[in-house]
Every structure is written in structure tokens, then in C-alpha cells.
Amino acid sequence: MSPHVEIQLIAVLVAAACALPGTFLVLRRTAMVSDAISHTMLFGIVISYFVVRDLASPWLMVGATLTGVLTVWLVELLTRTRRVHEDAAIGLVFPLLFSLAVIMISRFAGNVHLDNDAVLLGEIGFAPFDRLTLLGIELPRAMWVLGGILSANLLFIGVCYKELQLSTFDAGLAAALGFSPALLHYGLMTLVSLTAVGAFDAVGAILVIALMIGPPAAAYLLTDRLSHMIGLGVAIGSLSALAGYWLARLLDTTIAGAMATMVGVSFALVFVLAPQRGVIALLRRRARQRWIVAQQMLAAHLLQHEGTPAAADESRLSTLGEHLRWSPEFIGAVVHRAEEAGMLQREGDTLRLTERGRALAAAAMTR
Amino acid sequence: MHTAAAAIEVTDLTVAYHDTPVLWDVDVRVPHGVLMAIVGPNGAGKTTLIKAILGLVRPAAGQTLIAGLPYAQQRQLVGYVPQRGSVDWDFPTSVLDVVMMGRYGRLGWFRRPGSRERELALAALETVQLQQYANRQISQLSGGQQQRVFLARALVQDAQVYFMDEPFAGVDAVTERAIIGVLQGLRAAGKTVVVVHHDLQTVPEYFDWVTLLNVRVIACGPVAEAFTDEHLRRAYGGRIAFLGGGPSAEVQDAGHAGAPR
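As you go down the protein sequences, you meet chains A and B in turn. Our numbering puts the first residue of the first sequence at 689, with every later residue one more than the last. Our numbering puts the first residue of the second sequence at 62, with every later residue one more than the last.
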């Protein structure tokens, strides 16, 4: 495999691995936890490094993952005192652990390759140089690590799909039925943490957040089934990652940065174009609704005055504007649409409701 | 399922949130086969009582039994309808999926729902007259329909004892009639149903058993004995208007010190 193909495969693995737990973060409204974890794990890496004194040790990953879970626990502990809200608790815990890690690096490990730029943006471009042979197959180390993490995520969500669905939708019922929401929560958070740690090595903290939150948030606008949302999140994430890779090659810029940008672009596209929940669909629906309501108001107005002495005056096209306070153009358009819909008939200057128009007006008023 | 033990037995139950007792030394004994209302002012601890029985909040003292045994051993016997507002109705799922969640307890960990769960869920939707909504996204439902989906979800639990937290909140009169019909059907089948209720006026009409609660239990028993002016006055602290013999529904909740319900 050429390094270019390898980089793209790694990008897809990162995107897929992140979208899986990210879907549940978005649905549980705890998206910012990914932000916290992707930074505080540096604290775990530094502490583990001081213990084992080896940057290549797998213990660094273990330490980082545990720090992620510790972050979640500290945030919950703070929130439970009811002295701070959850968002503020996240804002307190994560900068503290992150800055402690930064201080420790600059003070005690200045000569070690653990620099802050790599923390934020990573360098996926270098991933193919760090290789690992397992089962006689030689691949970039990142591919092994991320493949393993993706498998772990697939396994957990596959096995506990029903439990995660229930505890995310209705934690009270989940607890009452004997599925421990706390256990599931920490299981999920362990995966979020593990994924952030594995992905961070390749693409840095910012891209971890982008890939965990952006694709599921876009998928949420495209479907109303959880299983589809997971699949779409993985697909959108993977496509954004690939698009980012090619954008970076085109512009000769940072790959991780371009990938994060493409996640934003994908979300923006979905946000505008989504068939049901997109901005365009929403505006269209509102415009249609406006005409429907206007027709109903007109029909209701005619119905109210039917058979009264004022009927002749109230139903005349030329005087309708005074009564309803609508512009002549608007009245013309509404009358035209109502006529087309078979709600009323024009007899010279006078408007008469049809049977259908009467029924629709009555239905609209009793609602 | 009729053992010598009561359907629900709560003894000396005290629950406190951060050292503020929201339930004080509560004793409640509910026999099998009754339809019971829990009434009381805001902050009286009605929801907390249900949550404590279901093990969702930890009591500071006392114990609760379902048919003679702790809840943890009787989960299969109990159905639960939480407050409608306690879940996110924009969650990406269908009506049928939500109803099938009622079967998850019987399925246990890791087993997936199959065709049997589907059939039971569809049958329950028919009972609450929502069968044509099975494949709808849940955010497209009205408040009354959401409430009936929750009711259907409890029905598929096939329980002996049901706890329902404000099943009539935000539903219209027709839906309320339909829901109470289902609840009375459950009672006729020998089930015990406990309902957190707000409309005092309908208590004698809908229920045969009642618990008046205001942090302590004021009264608990058959409606004829427990639902008296004297007890109501004590539960609502005199903030209640009596119109023509029966208690009025116009209860003014004078913003009782806000413990979470």
C-alpha cells in the first residue's frame, strides 16, 4: 500500500471509530464531554510517562483512557454538589487537568518529544512511518490501534444496542427494569475516552471533537431512526475525512485541519439541504403554511358573514382589503389559490364559498 | 399472584434530598386489585414515593415491598410510566420501538427484541388506539398520543402492579376518558394500579383507593373513608375551596418549597 492510501484508510478508521460513541454523546446532550476528554487525557499520558519513562509504552494509552473516565467522574462529582452546573463543571475540570499536564511537560520533560502542537492537531501525515508487524502483517501502527478501537466500539454498541437505546431515551425506565444506566454510562465514557486517545495520536484533539460531534449531529438531521443515525454518522464522517485529505493535498496544508474543516462543511450542507429538517425544507414548509392559513382565514371570514346583512359588503373582492387589512396583491394571490383549491367561486366582484370551502373553514375554526 | 402480602407495602419510609426530607416516615399498604390515586400539593413527594418504591431514589430509612419482597426481586411484576416530560421526544425512534422497550425487562441483558415483542407491542398500541401510528417518529405525536404510547409501553410489561406518574398531564378530555378506561380494564383483570393524580374532582369517579400525601401520609384507604374534607384540608393546608359538599379541583398550590418532585 502506498502511504497515501494508508493515510486515507487511517482517516476513515478514525472517522468511523469516532462517530459510533459520538452518536450517543449527541443524543445524551453531553457533546462537550468529548472536548474535555480529548484534552485531559494529556494529563494521563504525562503521568503514565513519568511512571514508565517510555513514550512508546501501551501504558500511556491505558493511563490516558483512565484519565478520560476520571474527568467524567470529577465533572459528575462537582455537578452533584449542586454548586455548579454541568457545563461549568466541565469548564473547571478540563482546563485544570490539561494545564497541569502542560506545566509538567514544560518543566520536567522539555527534552522529550511531547509537544503541544501535536496535541492539538496531531500529524496523520507521519502515521505511515510508524509501523508495527502483527500476525505477520506489517501496517502503520495507527491502523492497528484504530482498527482495534473501531472493533471495540462496534462490539460494545452491537452487543448493548438495546440497552444503550433505552438508557439514552429513558434512563428512569432503564433503571427500573434493572439495566444499570450508570454502568452503561461509564462503559460508553470508557469507549469515548479510548477512542479519543487512539484518534488523538493520529489526528489531534480538535479533530477528535469534530469527528465525534459533527457527523452524528448531521446524521440526526437526516433520519428518525437510531440505527440509521449511527450508520449515516459513520458514512458522513468517513466521507468528510476523505474529502479533507484531498483538500489538504490540493492546498498543501495540514491534513487534520482540512479534515475538521470538511466535517464543518458537511454539517453545513446537511443543515441547509436536509429533506425534512433542513433550512430550505423548513422555509418551504413555512411558506406553504402561510398560504394555507391565509386561505383558511379568508374562508372563515366569508363563512362568518354568510347569510348576514353585511354579507354582500364583506364578500366583495374590492372591499376585502379594508376588512382583512391585506394588500390587494396578497388578496389576489390568496383568492386565486383558494379558487384553484375549489374553496370558493367568483361571481363578478362577489366571492362565494363552495361546499368544500365551507367544510374547510368550519374545520379550521373548530380546531 | 395473590399472596397473603399486600401488593405494595411501604413502611417507615423517609427520603431526603440533601438533608431536606421530602417524605417523612411514610406507611402505605395497598391491597391487590385496586386503582389508587396519590394526591397532594406540589412538592408533597408523590413522584418521590413512586421512585423510592422502584429503587430510583435511595431511602434514608424504611423499606418498600412489592407482593412481600423487595423491588429488586420483583421487577418482572412491576410496570412503570414516568412523567411524559422526563424523556426527549425528539429522540430518533418510532412509536413501535418505544412500546417494545416495555419488553426489555423480560428480555434481560443483550437479548434483542424479535417478532414476539413486535406482536405484543402492536397489540398494546391497538388497546390504546394508536395502531396506525406504529411507524411514526415519536416527535410527531401530540401530548395525549405520547401519553398513550407510554401507557402501551407499560401494558407490554405485562405487570401485576403499575405505577403511573401523572398519566393525565396535558391530555384532552377524550384521551383522559380513554386512558382511565384502560386503567379500569387493568383493575378488572386483577392488577393493582397506582396513579399520581392532580384533579381532585375526578378522584371519586375514577378511583376506588386513595393516598393523600403531603410529605407525610395524611390518609390512605378506600376513597369513601380516606377522601374526606378533613383529610383534604390537612393535605392542602387549608388552601382549598369547597364547593357544594365535594372538594373543588381549584387547588391553589401556594408554591410549596420546591423539593424536586
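We put the CB at the ideal spot given by N, CA and C, even for glycine.
Within chain B, the residues that A:Phe664 reaches when beta carbons sit closer than 8 Å: Since the displayed chain A opens at 689 and closes at 1055, residue 664 of chain A lies outside it and no answer follows.
CB contact below 7 Å: A:Met1053 versus chain B: A:Met1053 is outside the set of residues whose beta carbon lies under 7 Å from a beta carbon in chain B.
Cβ-Cβ separation, B:Asp86 to B:Thr75 (assumed contact under 8 Å), whole Å: 6 Å
Rounded straight-line distance, which links the Cα of A:Pro869 to that of A:Leu715: 15 Å
Cα-Cα separation between A:Leu785 and A:Ala1052, rounded to whole angstroms: 59 Å
Buried or exposed (CB count within 10 angstroms, at least 16 for buried), A:Thr856: buried
For B:Ala323, three-class secondary structure by DSSP: Residue 323 of chain B lies beyond the stretch modelled for chain B, which goes from 62 to 322, so this question has no answer here.
Nearest candidate by alpha-carbon position, reference A:Ala946, set A:Gly925, A:Leu961 and A:Phe959: A:Gly925
For B:Thr236, the three-state DSSP class (helix, strand or coil): helix
Bridge-paired residues (DSSP) for B:Trp85: Paired residues: none, contrary to the question.
CB contact below 7 Å: A:Leu760 versus chain B: The question names Leu, but residue 760 of chain A is Val in the sequence shown. No - not a single Cβ of chain B is within 7 Å of the one on A:Val760.
Limits of the unbroken beta strand (DSSP E) element including B:Asn196: If you look at B:Asn196, you'll find it isn't in any beta strand (DSSP E); DSSP assigns it neither H nor E.
B:Arg164, buried or exposed, once every other Cβ within 10 Å from all chains shown has been counted against 16: By the 10 Å Cβ count, B:Arg164 comes out buried.
Presumed contact (8 Å Cβ cut-off) between A:Ala890 and A:Ala830, rounded CB distance: 5 Å
Buried or exposed (CB count within 10 angstroms, at least 16 for buried), B:Val232: buried
Environment of A:Ile698 [buried if 16+ CB atoms lie within 10 Å]: buried
Beta-carbon neighbours of A:Tyr908, restricted to chain B and to distances below 8 Å: Pro153
Buried or exposed (CB count within 10 angstroms, at least 16 for buried), A:Met689: exposed
Contacts around B:Asn275, its chain only, beta-carbon distance under 7 Å, and the 5 residues preceding and following it disregarded: Gly101, Pro102, Ala105 and Ala296
Beta-carbon spacing of B:Phe288, B:Val264 below 7 Å: yes
Given 8 Å, three or more beta-carbon pairs between the stretch 875 to 885 of chain A and the stretch 140 to 159 of chain B: no
CB contact check: A:Leu1005 to chain B, cutoff 7 Å: no
7 Å Cβ cutoff, A:Asp818 in contact with chain B: no
Enclosing beta strand (DSSP E) for B:Ile111 [first to last residue]: From DSSP, B:Ile111 is part of no beta strand (DSSP E) but of the alpha helix (DSSP H) over Lys107 to Ile114.
A:Trp832 vs A:Leu823 beta-carbon contact at 7 Å: no
B:Ala66 (DSSP reduced to helix, strand or coil): coil
Rounded C-alpha distance that separates A:Leu1039 from A:Ala1050: Distance between the alpha carbons of A:Leu1039 and A:Ala1050 is about 17 Å.
Neighbourhood of A:Leu788 by C-beta, 7 Å cutoff - its chain only, sequence neighbours within 5 removed: Result list for A:Leu788: Phe731, in chain order.
Cut-off 6 Å between Cβ atoms - residues of its own chain near A:Gly886, not counting five sequence neighbours on either side: So the qualifying residues of the chain are Val833, Leu834 and Ile837.
Proximal residues, the stretch 820 to 849 of chain A versus chain B, C-beta separation under 9 Å: Val847, Cys848 and Tyr849
Residues near B:Ala133 in its chain [Cβ-Cβ closer than 8 Å; skip 5 each side]: Gly116
Selection of the stretch 908 to 938 of chain A by Cβ proximity to chain B, strictly under 8 Å: Tyr908, Thr911, Asp912, Arg913, Leu914, His916 and Met917
When B:Arg214, B:Gly205, B:Leu126 and B:Gly169 are compared against B:Leu181, the one with the closest alpha-carbon: B:Arg214
Rounded straight-line distance, which links the Cα of B:Leu96 to that of B:Asp73: 23 Å
Unbroken alpha helix (DSSP H) run spanning B:Met162, endpoints: Unbroken run through B:Met162: none, as it is neither H nor E.
Cβ-based neighbour list, B:Arg322, same chain, cut-off 6 Å, excluding 5 preceding and 5 following: Because the pLDDT at B:Arg322 is just 41, under 50, the model does not fix this residue reliably, and the point stays unresolved.
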